[in-house]
Amino acid sequence: MARLVFAAVALLCVSCGLSEAEVSDPNDLQLSTAEGELRTNRDADRVVVYSNNVENMIFDWKDLVHHMGEHELRPDVFLVQQVTGRDGLDRLMGFMKTRLGVDYDGLVAQNQPTDRRFSGEVQPRPKVSTGVVWRSSRFELVSHDSWMPFGTGFSSGAQSCDGRSNHSGYETLRVKLFDRVAKKHVVVISLRHWTWEPCSTKNLVELVGGKEGVNAHVGIGPQADLAIVGGDFNDHPVDGSGQYKCWYRQMVRDISEAQCANESNFGFTDPMFESCNGERSCVRKVEGIDSLFARRADGTPVKTNHFEIISWEEAHRASVRSTGGDGRSNLQSRDGYVDQADRYSGHEARRAYFFYQ
Numbered sequence: 001m002a003r004l005v006f007a008a009v010a011l012l013c014v015s016c017g018l019s020e021a022e023v024s025d026p027n028d029l030q031l032s033t034a035e036g037e038l039r040t041n042r043d044a045d046r047v048v049v050y051s052n053n054v055e056n057m058i059f060d061w062k063d064l065v066h067h068m069g070e071h072e073l074r075p076d077v078f079l080v081q082q083v084t085g086r087d088g089l090d091r092l093m094g095f096m097k098t099r100l101g102v103d104y105d106g107l108v109a110q111n112q113p114t115d116r117r118f119s120g121e122v123q124p125r126p127k128v129s130t131g132v133v134w135r136s137s138r139f140e141l142v143s144h145d146s147w148m149p150f151g152t153g154f155s156s157g158a159q160s161c162d163g164r165s166n167h168s169g170y171e172t173l174r175v176k177l178f179d180r181v182a183k184k185h186v187v188v189i190s191l192r193h194w195t196w197e198p199c200s201t202k203n204l205v206e207l208v209g210g211k212e213g214v215n216a217h218v219g220i221g222p223q224a225d226l227a228i229v230g231g232d233f234n235d236h237p238v239d240g241s242g243q244y245k246c247w248y249r250q251m252v253r254d255i256s257e258a259q260c261a262n263e264s265n266f267g268f269t270d271p272m273f274e275s276c277n278g279e280r281s282c283v284r285k286v287e288g289i290d291s292l293f294a295r296r297a298d299g300t301p302v303k304t305n306h307f308e309i310i311s312w313e314e315a316h317r318a319s320v321r322s323t324g325g326d327g328r329s330n331l332q333s334r335d336g337y338v339d340q341a342d343r344y345s346g347h348e349a350r351r352a353y354f355f356y357q
């Protein structure tokens with residue numbers, strides 16, 4: 001891949017979330033406007049979606065963006081979890097712009113998060129929130145909402161689904177966007193459920209139906225042509241005996257929910273399930289605690305393809321091809337720490353194409 005370095009862009013990107021140290025590193029300036037234009041999704045019916053817990057970007061996070069840069073289409077929407085507030089989101093979008101040649105906008109549940117990361121790999125521990133990024137030339141923000149999911153307790157004590165996770169790193173974020181190209185509305189929900197007690201079924205019932213009274217929110221809400229839900233569920237779709245868990249049965253339209261106490265089918269399409277052709281042995285082999293789903297407002301199945309779980313090694317190789325080496329994502333000038341591992345996150349990102357029709 002040709003590497004094009006533009007000094008003018010470098011200067012501009014100091015104001016788009018990247019530090020001066022980062023923009024002075026030639027290996028990080030991979031902007032090709034022409035390439036970005038060629039690889040922008042032009043199909044009004046198609047939405048290119050990524051989701052990842054970015055772990056406060058304390059790992060080799062740019063590897064994932066370099067992998068995005070090698071893919072045939074740029075992201076339209078990117079659901080992120082454990083981002084360090086507005087500053088962290090701006091930094092992510094800034095590098096996406098320089099590497100992908102596309103402008104992005106976004107929102108976090110809390111610009112200045114109230115709570116810090118639990119894990120202590122770096123000090124001081126970064127603050128955490130949940131976010132959504134979208135391609136600004138295609139989408140405009142209509143509305144947004146956020147709420148705390150159910151789930152309390154730690155591994156050393158009792159866990160419960162009676163109370164809510166009062167921690168900014170677990171706040172569910174809902175954004176409603178207007179797609180200027182398709183002339184349709186899409187709701188995007190980025191979530192992270194409580195690590196020690198995800199309360200999946202209870203949280204998903206509320207996410208779909210909304211909540212009145214205290215902690216009121218609309219959930220997915222009405223009048224959206226497409227709903228996309230994804231993030232760090234902290235819950236596997238399959239249990240220890242190899243059976244689908246009830247929350248997953250209820251989410252996926254093509255799996256019977258009859259074995260569950262709450263016999264509701266929320267009618268979502270899981271691109272992982274589709275890529276496995278519904279074979280449970282395949283799902284068991286590739287599933288994890290991160291998931292991505294979509295649902296149409298009219299109840300008909302969502303068409304999906306190009307599902308991929310982006311491995312750390314694949315992203316690492318993309319970074320080496322793009323930069324000519326394995327440069328650090330986090331420079332000494334940022335909070336006094338460098339990469340905490342040779343992978344872009346503790347979580348592997350999901351990508352899928354979803355279609356309105």
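Under my numbering, the first residue of the sequence shown is numbered 1, with each subsequent residue one higher. Using N, Cα and C, we set each Cβ at its ideal position, and we do this for glycine too.
For Phe273, the secondary structure class from DSSP, reduced to helix, strand or coil, is helix. In this structure Ser190 does not touch Gly219 by the C-beta definition: roughly 14 Å separates them, more than the 8 Å allowed. Ser51 carries a strand assignment under DSSP once its states are collapsed to helix, strand and coil. Ranking Asp45, His67 and Arg42 by CA distance to the CA of Thr323 puts His67 first. Nearest C-alpha to Val302 among Asp225, Gln243, Ser264 and Val238: Asp225.
At a cut-off of 3 residues, the continuous stretches assigned as beta strand (DSSP E) that sit fully inside the stretch 49-84 are 77-83.
In this structure, the straight-line span from the alpha carbon of Glu348 to that of Asn53 is close to 8 Å.
Taking the C-beta atoms as reference points, Glu140 is found nearer than 9 Å to Arg180. With fewer than 16 other Cβ atoms from the protein chains shown falling within 10 Å of its own Cβ, Pro222 counts as exposed. Taken through DSSP and simplified to helix, strand or coil, Glu197 comes out as coil. With fewer than 16 other beta carbons inside 10 angstroms of its own, Ala216 counts as exposed. Taking 9 Å as the cut-off, the Cβ atoms of Gly278 and Arg295 do not count as close. Boundaries of the beta strand (DSSP E) harbouring Ala294: Asp290 to Arg296, taken from the DSSP string. Rounded to the nearest whole angstrom, the CA to CA distance from Ile58 to Tyr353 is 28 Å.
DSSP places Lys211 within a strand segment (E or B) once states are collapsed to three.
Lys285: member of the alpha helix (DSSP H) spanning Arg280 to Val286, first to last residue. Here Asp115 is not bridged, per DSSP, to any residue. In this structure, His236 sits near Glu287, with a CB-CB distance shorter than 9 Å.
At the C-beta level, Ser165 and Pro113 stay beyond 9 Å of one another.
With contacts defined by Cβ atoms closer than 9 Å, Arg135 and Arg74 form a contacting pair. In chain order, Thr152, Gly153 and Glu197 place their CB closer than 7 Å to the CB of Ser160, counting only its own chain and leaving out the 5 sequence neighbours on each side.
Between Thr172 and Asn234, the beta carbon gap of about 13 Å keeps them out of contact (Cβ cut-off 8 Å).
In chain order, Cys282 and Val283 place their CB closer than 6 Å to the CB of Cys276, counting only its own chain and leaving out the 5 sequence neighbours on each side. Bridge partners of Ala352 according to DSSP: Val49. Ranking Ser119, Asp105 and Ser155 by CA distance to the CA of Gln82 puts Ser119 first. Here Arg164 carries a strand assignment [DSSP, helix/strand/coil].
Of the other Cβ atoms in all chains shown, 16 or more fall within 10 Å of the Cβ of Lys176; this residue is therefore buried.
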